[in-house]
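*Asks:*
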Amino acid sequence: MMMWFSSAVGTILAGIVLSAPAPAPARPLSDAPAASRMIQDVQVPKALFYASLDASGYWLCDRELKRTQARRFDRLYGDRVVRLAGAITTREGSGWSNDAILTPCRRYADKRSARSDGDAAMQRFESVLSGMENRYGLSVAATGMASSPVPHGATINPSGYATILSAPPTGPITAPPIAPPPPPADGRPTPLPMTSEARAARERMMNPDDATREAAQALDRRIGRAERGNYVGMRIVRDPGPRFAFQFRRDAAATLARYTRDARFTSREGGLTRAELQPVFDEWWKRFEPFRLVGGGSVYEFDGVVRFDMNIDEAGFREIAARERWTLPERLTLRFSPPRNLRSIDPALARYVRVFARADRHPAIINQALLSGRIVLRDGCFRVTGGEEGGEALVIFGRDVELGLDAQGYMVLKHPDSGRAAPRIGERMMWAGPLGYSEADPNVKTLRARCGAGPIVAMGVPDSAFRSE
0 MMMWFSSAVG TILAGIVLSA PAPAPARPLS DAPAASRMIQ DVQVPKALFY
50 ASLDASGYWL CDRELKRTQA RRFDRLYGDR VVRLAGAITT REGSGWSNDA
100 ILTPCRRYAD KRSARSDGDA AMQRFESVLS GMENRYGLSV AATGMASSPV
150 PHGATINPSG YATILSAPPT GPITAPPIAP PPPPADGRPT PLPMTSEARA
200 ARERMMNPDD ATREAAQALD RRIGRAERGN YVGMRIVRDP GPRFAFQFRR
250 DAAATLARYT RDARFTSREG GLTRAELQPV FDEWWKRFEP FRLVGGGSVY
300 EFDGVVRFDM NIDEAGFREI AARERWTLPE RLTLRFSPPR NLRSIDPALA
350 RYVRVFARAD RHPAIINQAL LSGRIVLRDG CFRVTGGEEG GEALVIFGRD
400 VELGLDAQGY MVLKHPDSGR AAPRIGERMM WAGPLGYSEA DPNVKTLRAR
450 CGAGPIVAMG VPDSAFRSE
């Protein structure tokens with residue numbers, strides 16, 4: 000008996016199949032049922048049945064998700080699975096005995112999680128299927144079968160990898176224009192209505208006037224000289240109106256009263272001086288920098304902490320910290336990047352691409368200059384042409400970018416947090432930068448090993464230049 004478990008939100012028992020039937024004799028591919036149906040009906044050899052369960056969607060409870068995964072499975076692997084089933088049966092028989100199969104089905108809280116698990120299962124199955132095909136003399140090269148649809152506009156090189164040099168732009172978002180307001184009857188602009196609460200809120204967000212600012216700056220210099228070791232600094236607070244607050248480590252109200260009783264100024268207590276916090280900043284910056292963990296940081300005297308903006312998510316950091324046996328001080332706070340997107344490349348496209356290189360770090364700080372170029376695929380390697388520096392360079396994408404197909408069959412770049420149409424490989428794109436990359440990044444090393452030397456452009460999350468304009 001075999002039982003299957005999942006980390007999905009819910010798992011229920013789907014059924015028990017006793018004495019699983021042997022698969023029917025292999026038929027010509029044109030007459031054979033869909034591979035996913037053969038698996039559902041346990042009409043494939045035992046080894047292939049168990050290898051196919053995850054990728055074919057056999058385990059899904061939701062019928063719509065099950066049908067979607069089965070269609071993807073049949074499109075990518077259908078002919079190969081049917082052919083392999085026949086080869087195994089002919090050589091070794093079905094492999095089934097009086098086994099009992101206990102298989103639960105899985106429920107998901109959302110389609111995105113199901114799709115992610117399905118993508119991962121397809122990638123695992125591709126490796127298993129290729130190995131079984133080699134074992135039974137049915138490799139793709141030997142049979143001449145195509146395992147994946149060719150992206151629209153791509154040409155396949157003798158190497159087996161694809162080239163895409165151009166593609167029509169995805170186009171702008173089409174939305175109905177907003178009708179302008181009718182002109183005022185007297186020809187003069189009509190002021191926007193503002194309630195008394197809105198006016199008060201606007202006043203609270205304003206800074207103190209110039210005279211108050213000059214007086215505060217003079218007082219700041221005076222206190223800074225006289226209260227070294229206790230004085231933290233000056234800042235603007237709103238309680239509720241804008242005032243300058245002078246912050247001290249201890250006895251704040253009494254200390255400020257020795258210098259002024261001006262109602263425009265107030266006191267705050269707490270925090271630490273820069274002299275106390277700077278050693279923490281310097282020590283941990285030096286520890287983090289060799290691992291490319293930190294994108295920026297600063298000393299926050301008023302809060303009494305050092306804060307770093309991290310280029311890595313919390314899970315990745317915890318792994319490194321445990322390995323290095325780091326114990327973080329209380330005065331150090333870290334702001335992590337969002338969790339990594341585990342989806343990378345659609346399994347249908349893997350055979351056409353030498354490497355889909357993504358940075359292993361998520362930059363905490365991104366320059367906002369608008370850069371552009373045409374991203375192409377040349378013999379399986381992504382390159383950018385027509386950029387600001389001219390020539391052609393290899394490309395490494397942002398950590399969470401995905402490679403897939405759009406509804407028209409074009410190869411596109413996707414991002415999980417963007418609801419915008421995905422730009423197509425071969426069209427001109429724009430991105431924020433410049434972004435750096437590190438030769439220490441394992442993905443950069445893989446990119447160079449598979450696509451050669453030369454300049455590399457890191458481009459984060461590009462968008463269609465047509466849409467950006």
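Each residue of the sequence shown is one higher than the one before, counting from 0 in numbering that gives the first Met the number 0.
Note that CB positions come from ideal geometry on N, CA and C, so glycine has one too.
#1: List the endpoints of the continuous beta strand (DSSP E) containing residue 247.
#2: Take residue 232 and list the residues in its own chain whose beta-carbon comes closer than 7 Å to its own, dropping the five residues that flank it on each side.
#3: Is the distance from the Cβ of residue 345 to the Cβ of residue 156 below 9 Å?
#4: Expressed to the nearest angstrom, what Euclidean distance is found between the alpha-carbon atoms of residue 148 and residue 313?
#5: With 16 as the cutoff for other CB atoms within 10 Å, does residue 88 come out buried or exposed?
#6: Quick check: the region 285-293 against the region 250-261, are at least 3 beta-carbon pairs closer than 8 Å?
#7: Mapping DSSP to helix, strand and coil, what is residue 94?
#8: Which ranges would you report for the alpha helix (DSSP H) in the region 28-53 if only whole runs of at least 4 residues count?
#9: Just reading off the alpha helix (DSSP H) that residue 211 is part of, what are its end residues?
#10: Please list the segments of the beta strand (DSSP E) lying wholly inside the region 353-402, counting only runs of 3 or more residues, in order along the chain.
#11: Return the chain-ordered list of same chain residues with a C-beta closer than 6 Å to the C-beta of residue 304, the five sequence neighbours on each side being excluded.
#12: Taking 8 Å as the cut-off, is the CB of residue 119 close to at least one heavy atom of the ligand COA?
#13: Could you tell me if residue 109 is buried or exposed, where buried requires 16 or more neighbouring beta carbons within 10 angstroms of its beta carbon?
#14: With residue 276 as the anchor, note down where its beta strand (DSSP E) starts and where it stops.
#15: DSSP three-state call for residue 56: helix, strand or coil?
#16: Between residue 250 and residue 264, what straight-line distance do the alpha-carbon atoms span, to the nearest angstrom?
#17: Just verifying my parser: in three-state terms, what is the DSSP assignment at residue 112?
#18: Shortest alpha-carbon distance to residue 428 belongs to which of 437, 73, 462?
#19: Does residue 86 pass the burial test, meaning 16 or more other C-beta atoms within 10 Å, or should it be called exposed?
#20: Taking residue 213 as the reference, give the member of 243, 399, 450 with the closest Cα.
#21: Cβ atoms of residue 353 and residue 160: under 9 Å apart, would you say?
#22: For the beta strand (DSSP E) containing residue 298, list its first residue and its last residue.
#23: Using a 10 Å radius around the Cβ and a threshold of 16 neighbouring Cβ atoms, would you call residue 68 buried or exposed?
#24: Of the residues 309, 347, 424, which one's Cα is nearest the Cα of residue 169?
#25: Answer with buried or exposed for residue 325, where buried requires no fewer than 16 other C-beta atoms within 10 angstroms of its C-beta.
#26: Please name the residue in 82, 348, 399, 298 whose C-alpha comes closest to that of residue 415.
#27: Please list, in chain order, all residues of the same chain as residue 117 whose beta carbon is under 6 Å from its beta carbon, the five residues on each side excluded.
#28: Find the nearest neighbour of residue 385 within the set 394, 373, 282, judged by alpha-carbon distance.
#29: What is the DSSP secondary structure of residue 516, counted as helix, strand or coil?
*Replies:* For this structure:
#1: Against the sequence shown, residue 247 aligns to sequence position 248. From DSSP, the beta strand (DSSP E) with residue 247 extends over 241-247.
#2: On the sequence shown, position 233 is the one that residue 232 refers to. Counting only Cβ-Cβ distances below 7 Å, and skipping sequence neighbours, we find 246, 300, 301.
#3: Position 346 of the sequence shown, counted from the start, is the residue given in the question as residue 345. Position 157 of the sequence shown, counted from the start, is the residue given in the question as residue 156. No, the Cβ-Cβ distance between residue 345 and residue 156 is not below 9 Å.
#4: Looking up residue 148 in the sequence shown gives position 149. Looking up residue 313 in the sequence shown gives position 314. Whole-angstrom Cα-Cα distance: 38 Å.
#5: For the purposes of this step, residue 88 is taken as residue 89 along the sequence shown, with counting starting at 1. Buried, because 16 or more other Cβ atoms sit within 10 Å of the Cβ of residue 88.
#6: Judged by Cβ distances under 8 Å, the region 250-261 makes no contact with the region 285-293, as fewer than three pairs qualify.
#7: Numbered from 1 along the sequence shown, position 95 holds the residue referred to as residue 94. The answer is coil: DSSP assigns residue 94 none of H, G, I, E or B.
#8: Complete alpha helix (DSSP H) runs here, min 4: 34-39.
#9: Taking the first residue of the sequence shown as 1, we reach residue 211 at position 212. Note, residue 211: alpha helix (DSSP H), 209-225.
#10: Listed in chain order, the complete beta strand (DSSP E) runs (minimum 3 residues) inside the region 353-402 are 368-377, 380-384, 391-395.
#11: As a first step, residue 304 must be located in the sequence shown, where it is residue number 305. Excluding five sequence positions before and after residue 304, the CB atoms of its chain that fall closer than 6 Å to its own CB belong to 330, 332, given in chain order.
#12: Among the components of this structure there are no ligands whatsoever, and the ligand COA is therefore not found.
#13: Reading the sequence shown from its first residue, position 110 is the one you call residue 109. For residue 109, the number of other beta carbons within 10 angstroms of its own is below 16, and it is reported as exposed.
#14: Along the sequence shown, read from residue 1 onward, the residue named residue 276 stands at position 277. Unbroken run through residue 276 is the alpha helix (DSSP H), 273-287; no beta strand (DSSP E).
#15: One-based indexing of the sequence shown puts residue 56 at position 57. The answer is coil: DSSP assigns residue 56 none of H, G, I, E or B.
#16: Looking up residue 250 in the sequence shown gives position 251. Looking up residue 264 in the sequence shown gives position 265. Distance between the alpha carbons of residue 250 and residue 264: 16 Å.
#17: Numbered from 1 along the sequence shown, position 113 holds the residue referred to as residue 112. The three-state reading of DSSP puts residue 112 in helix, counting H, G and I together.
#18: The residue labelled residue 428 in the question sits at position 429 within the sequence shown. Looking at the Cα atoms, 462 is the closest of the given residues.
#19: Your numbering for residue 86 matches position 87 in the sequence shown. That one is buried.
#20: Stepping through the sequence shown from its first residue, residue 213 is reached at position 214. With distances taken between Cα atoms, residue 213 lies closest to 243.
#21: Here residue 160 is taken as the residue at index 161 of the sequence shown, counted from 1. Here residue 353 is taken as the residue at index 354 of the sequence shown, counted from 1. Cβ atoms of residue 160 and residue 353: closer than 9 Å.
#22: Working through the sequence shown from its first residue, we reach residue 298 at position 299. Looking at the DSSP string, the run of the beta strand (DSSP E) that includes residue 298 is 293-299.
#23: Working through the sequence shown from its first residue, we reach residue 68 at position 69. So residue 68 ends up on the buried side.
#24: Here residue 169 refers to the residue found at position 170 of the sequence shown. Ranking 309, 347, 424 by Cα distance to residue 169 puts 424 first.
#25: Mapped onto the sequence shown, residue 325 falls at position 326. Flag for residue 325 reads exposed.
#26: One-based indexing of the sequence shown puts residue 415 at position 416. Comparing Cα-Cα distances from residue 415 to each of 82, 348, 399, 298, the minimum goes to 399.
#27: As a position in the sequence shown, residue 117 is number 118, starting the count at 1. Excluding sequence neighbours, residue 117 sits near 68.
#28: For the purposes of this step, residue 385 is identified with residue 386 of the sequence shown, where counting begins at 1. Closest option to residue 385, Cα to Cα, is 373.
#29: Within the shown structure, residues of the chain are numbered from 0 to 468, placing residue 516 beyond reach of any answer.
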